[in-house]
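See below for the structure under consideration.
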Amino acid sequence: MTTSPAVTPAAPAPATTRFAGLLPTDDLLRRLSLFTLLNAFGRGLFFPVSVLYFTRVIGLSATSVGLGLTVAGLFGIAAGVPAGRASDLWGRRPVLGVLWVGCGAALAAYTVIGSYAAFLVTAIAYAALCQGSMGVRNALYADVLPAGARVEGRAHLRMVTNVGMGVGGVFGALALQVDSRAGYTVLILVDAVMFMASAALVLRLPESTGRSSTVAAPAGSRWRAVRDLPFLAVTFLNAVLALQYSLLEVGLPLWIAQHTEAPRWSAALIMVLNCVLVALFQVRATRGVEDLPGAVRAMRRAGLLLALSCAVFAATAGLSPWWALGVLVVGAVVQVLAEVLSAAGGWTVGYGLADSRAQGVYQGVFNSGQAAATMAAPALVTATAIRHGATGWVILAALFVVAGLGVGPAVRWARRDGEWRGE
498 MTTSPAVTPA
508 APAPATTRFA
518 GLLPTDDLLR
528 RLSLFTLLNA
538 FGRGLFFPVS
548 VLYFTRVIGL
558 SATSVGLGLT
568 VAGLFGIAAG
578 VPAGRASDLW
588 GRRPVLGVLW
598 VGCGAALAAY
608 TVIGSYAAFL
618 VTAIAYAALC
628 QGSMGVRNAL
638 YADVLPAGAR
648 VEGRAHLRMV
658 TNVGMGVGGV
668 FGALALQVDS
678 RAGYTVLILV
688 DAVMFMASAA
698 LVLRLPESTG
708 RSSTVAAPAG
718 SRWRAVRDLP
728 FLAVTFLNAV
738 LALQYSLLEV
748 GLPLWIAQHT
758 EAPRWSAALI
768 MVLNCVLVAL
778 FQVRATRGVE
788 DLPGAVRAMR
798 RAGLLLALSC
808 AVFAATAGLS
818 PWWALGVLVV
828 GAVVQVLAEV
838 LSAAGGWTVG
848 YGLADSRAQG
858 VYQGVFNSGQ
868 AAATMAAPAL
878 VTATAIRHGA
888 TGWVILAALF
898 VVAGLGVGPA
908 VRWARRDGEW
918 RGE
């Protein structure tokens, strides 16, 4: 792990301590918010219709689609580090723009494929390009947001993301109701256009925006993130906390359907509630989480809150429908508190423990850890809570507690390692 001194950007960094609605008054923040909104809206369109498009329109089996998306996910995880390295070499703006253009092209290709081989190739390309772009985007934020307000800026952009995905999801739901090839195709092409528009906005940022550090990293440190054991430990613990996202998206709907008497629409209600509460509280949750000690406290609390939410969800088994719904809502609120704290803490440690001269590679590694958790989580949640009920929930709760409590020692190890190297 390296913690080299931050390099002053070529252009003055904008103030990010105050935000006004989705599009702030500051020009740079407004541009960041705008392409974030477009990108999130497009993903909100595509997410709910993708699997049904592959199965009902293209005619693939659900099993083959699942296998193909898993393989694509592996390529996505692997893409994070080389994409980050490319952005360290050639700049965030051009690399991110190219990646997003590629994402749009891959999405458009979905509308003309007619075989499993074509689906697999397109899914791999889309996953690799999109997953690679996430680390580069995060490195761009590290370059343009001043360190003292970086976490608050990320929180604002996450709020914008939730709003965009929520609105996009509404249109996706309408397409599901229509259930026609034309409707699905239009949504996929609109998402492709959103990627292209986002790329255009990134490329129109000022020339000095999103450049990697002007201090070159020594040759031996350019890939250090992939062998930086303290940073990898923090990445792993953050990834364990990130299991909560699939717990909400995959585990809870299955739990509601198979183990509770709650109304089947409860899962949709919980997702809407999550989006609303994250949008309301994410910026507030960053207060006191601007430095590493604050991030450690936030992630420790997040682990404990996630364990509590697991206990609450487990308690819904055997309750009457409306009592079960009420308890689910309580558990969802507890989970949201954990989510906003873990997100804020994760941003701080991800940036604070990275070498500013190789921010792209470090963010690629950190984001790949979350991607790996997202891919592994459905199987883990199914094998624990869904298969073993209360005992499985206890296992998940223990994982969250251990991860939350482990962040502190891991961060201290990372900081000592950086001091020992004199960086």
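Just so you know, we're using the numbering used here here: the sequence shown kicks off at 498 and counts up by one.
Where a beta carbon is used, it is the ideal one built from N, C-alpha and C, also for glycine.
- Take residue 775 and list the residues in its own chain whose beta-carbon comes closer than 8 Å to its own, dropping the five residues that flank it on each side. 655, 656, 659, 833, 836, 837
**Prompt:** Is residue 634 near the ligand GDP, going by C-beta to nearest heavy atom under 7 Å?
**Reply:** This structure lacks the ligand GDP; in fact it carries no ligand of any kind.
Worksheet entry | Selection from 604, 626, 611, 907 that minimises the alpha carbon distance to residue 686 | 604
Let me know if residue 688 comes out buried or exposed under the rule of 16 or more other beta-carbons within 10 Å of its beta-carbon. buried
Please state whether the Cβ-Cβ distance between residue 902 and residue 797 is less than 8 Å. yes
- prompt: Out of curiosity, what's the CA-to-CA distance linking residue 645 and residue 554?
  reply: 49 Å
**Request:** Look at residue 546 and residue 669 and say whether their C-beta atoms are less than 8 Å apart.
**Result:** yes
Below 8 Å on the Cβ atoms is my guess for residue 609 versus residue 732; work out the distance and round it to an integer in Å. Not a contact, Cβ separation roughly 38 Å.
>> For residue 511 and residue 628, I'd like the C-alpha separation in whole angstroms.
In response: Here the model assigns residue 511 a pLDDT of 41, short of 50, so the residue's position is not dependable and the matter cannot be decided.
For residue 612, the nearest candidate out of 557, 666, 599 (CA to CA) = 557
request  = Have a look at residue 768 and residue 745 and give me their C-alpha separation to the nearest angstrom.
outcome  = 8 Å
Give the list of continuous alpha helix (DSSP H) stretches no shorter than 4 residues that lie fully inside the segment 850-913. 856-878
Item to complete: Hey, could you find the ends of the alpha helix (DSSP H) residue 621 is sitting in?
Response: 613-641
Margin query: What does the Cβ neighbour count give for residue 868, buried or exposed, with the cut at 16 atoms within 10 Å?
Written below: buried
Drop a sphere of 10 angstroms on the beta-carbon of residue 585, count the other beta-carbons inside from all chains shown, and report buried for 16 or more, exposed for fewer. buried
(Q) Residues in the same chain with beta-carbon distance under 7 Å from residue 624, minus the five sequence neighbours each way, listed in chain order, please. (A) 569, 570, 572, 573
Test item: CB-CB of residue 789 and residue 595 under 8 Å:
no
key: Residues near residue 805 in its chain [Cβ-Cβ closer than 7 Å; skip 5 each side]   = 831
query: When the Cα atoms are used, what is the spatial distance from residue 910 to residue 577?
result: 24 Å
Touch check for the segment 869-888 and the segment 817-826: three-plus C-beta pairs under 8 Å?
no
- Straight-line gap, residue 762 to residue 896 (C-alpha atoms, nearest Å): 29 Å
Discussion item. Just to confirm my understanding: we take residue 469, look at its own chain, exclude 5 residues before and 5 after, and list those with CB closer than 6 Å. What are they?
Written reply: Nothing can be reported for residue 469, as the shown portion of the chain is limited to 498 through 920.
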